[in-house]
Structure formats: C-alpha cells, structure tokens
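>
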Amino acid sequence: MTREMLICDNVTKVFTSGFIKKIVVKAVDNVSFTVKEGEIISLIGQSGSGKTTLGKIILRLIPPTSGRVLFYGRDIWKEIKTKEERKEYWRQVHAVFQNPMGSFNTFYKVDRVLNQALELIGVEPNSEEGIRLKEESLKAVGLNPGEILGKYPHQLSGGQVQRVMISRSWILKPKLLIADEAVSMLDVSTRGRIVEIFKDLRNKLGSSIIFISHDIGLSYFISDRVFIMYKGKIVEAGTPQEVIDNPQHEYTKTLVESVPTVYRKWEDFMEV
C-alpha cells in the first residue's frame, strides 16, 4: 500500500509590509493536500498564485504563518530543529529551480555542486566512489562526464546546466523533489528530455515529485494529480483528465483556454 509522504495541513502564509499603513497579503491561504510515495503532482497557477511560496514552505526556506507540513508524520517546522536534522531533511527533500545558473557560483567549476551533494551523503568527492557517482549521475541525465566535469557554468548550455542540477538530485536520491518552473526557460526539445529524466527519477529511484508550473499542457502528461492554485488557494484538484479535460472553476477554464491545444499524446507535445 502506497504511503503518504507529505501532508500540507491548512498551510497559510501572510506577508505584511509598510510602516504607517500595513499592507497584508495572504500568499498561501489555508492549503491542504497530500503527496504519496512515488507520485508526481503539479501545482499549477500563474504568477502570484502562491505556488512558489508554498514550495518554499515545503522546502523549509520560509515558515508558514499557520498550519503544518508533515514529512512522514513529522512536523518539519516544529520537530526539525538541529543543523544535522535540517541537513538530513534537505537531503531527502531537494529542489531544482527555474534558473539553473542561479544555483552556481560562476567562480567555481560545475563539479562543485556535485561534490557538495556527495558530502551530504558522506562520500569524499575525490575518492574512487565519489568519482564513480559523479560520472554515473551525469550519464543518468544524458551528459558525457568528459564534456562536463572541469567546466565552468558559462561554458555549458542552459539545458546542460539544468541537467547537472538534476544529476545532483540523482546523487542525493531524494524522497521528494520539488521542481519549480524547472523547464520553463528551456527550448521544447530540451524540455521534453528533462521531463523524461524527472520521470526516470520516479520510476528508477521511487522519488515523488512536485512540479510547480504555469504550463498546464506539460502538467497534463507528467502528473498523477494536479492542483490549480489561484490567489493562494487550491481551487480545483484531481487527475489531469478530471481537471484539465473537464474544468469546473472559472480560473481553470481560463488557464485551459489560454493553451491552444491540450495535447492528447506525449509525442505531439514533444514535436511542438
């Protein structure tokens, strides 16, 4: 029986600004959902819908104003306190972001992000095992280690850099991977290849994946379930067929109508 890995229970995040007149923005508004082991879900919404803020709460980067996030039954904001506990959590719950270049220090070779991943799992980067794991992880995402290792980020294409970040996830073998607009800056052919790599992470490693995206067409093919976010709330949820083929909420209908075609075959999407 598939277990629930992650539970978001009435999660709310309120931001305030201003000195004389306070402005209150409820970025995430009483959101609840679950993620099962080996499940791929999508949080879909346009900019300002709250999906990225919710992702950051799950990643333990910003705290919720109220509500709970449970990872295998453990409240990540109340029960994970020490530096070692946080380090272990980030090994199990990892992220790939929209702009891969932002994850690299331009003064260091790309090897550094892989070395950091190895250190997180207690492997010496320059050891025989460390070298083997780096090469294995790059091959797993379709890269030639000889063409990647020793290079600086600016010497690689955007697609190559993004795949290096995913290879870092391959080393860590996270229980949960959060992909925040991770393919939106890439061309269609590269985007398709990277989506297939994410699916391999699920199929070969058993990782669950949360796709944070505005791309409802892509989410149709990659997801087991989709959640539509609007003004901080989940306004519609279900399988891609239930939500995208038969939208009920006006906002979901608008999203679907904004896409020329919700492709019925993955091959059609790859060819666009």
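For what it's worth, my numbering labels the leading residue of the sequence shown as 41, then goes sequentially. Don't be surprised by glycine CBs; every beta carbon is placed ideally from N, CA and C. On a predicted model such as this, the values are computed, not experimentally measured, just so you know.
1. If you follow the beta strand (DSSP E) that ASP220 is in, where does it begin and where does it stop?
2. Please state whether the Cβ-Cβ distance between LEU216 and VAL75 is less than 9 Å.
3. Please classify PHE147 as buried or exposed, where buried requires at least 16 neighbouring CB atoms within 10 angstroms.
4. Can you have a look at TYR112 and say buried or exposed, based on whether 16 or more other CB atoms are within 10 angstroms of its CB?
5. With DSSP as the reference, please indicate the residues paired to PHE73 in a beta bridge.
6. Quick check on the DSSP output: the beta strand (DSSP E) that includes LYS273 runs from which residue to which?
7. Roughly how far, in whole angstroms, is the beta-carbon of ILE250 from the beta-carbon of ILE81, given that I think they are within contact range, below 8 Å?
8. Counting only runs that start and end within the segment 190-214, where is the alpha helix (DSSP H) found for 4 or more residues in a row?
9. With the cut-off set at 9 Å, would you say LEU160 and LEU241 are in Cβ contact?
10. Buried or exposed, going by whether 16 or more other CB atoms sit within 10 Å of the CB of LYS293?
11. Leaving out five residues on either side along the sequence, give the residues of the same chain with a beta carbon under 8 Å from the beta carbon of LYS123.
12. Is it buried or exposed, ASN155, if we count other Cβ atoms within 10 angstroms and call 16 or more buried?
13. Report, in whole angstroms, the separation of the C-beta atoms of LYS49 and ARG108, which I expect to be a contact under 8 Å.
14. Under a Cβ-count criterion, where at least 16 other Cβ atoms within 10 Å of its own Cβ denotes burial, should LYS96 be classed as buried or exposed?
15. How long is the line joining the alpha carbons of GLN202 and ALA222, rounded to whole angstroms?
16. For a test of the three-state rule: what should DSSP assign to THR56, helix, strand or coil?
Taking the structure as given:
1. 216-220
2. yes
3. exposed
4. exposed
5. CYS48
6. 273-278
7. 6 Å
8. 198-212
9. At least 9 Å separates the beta-carbon of LEU160 from that of LEU241.
10. exposed
11. none
12. buried
13. First, the residue type needs correcting, since residue 49 is Asp and not Lys in the sequence shown. About 4 Å; that satisfies the 8 Å criterion.
14. Classification of LYS96: buried, given that the 10 Å Cβ count is 16 or more.
15. 8 Å
16. strand
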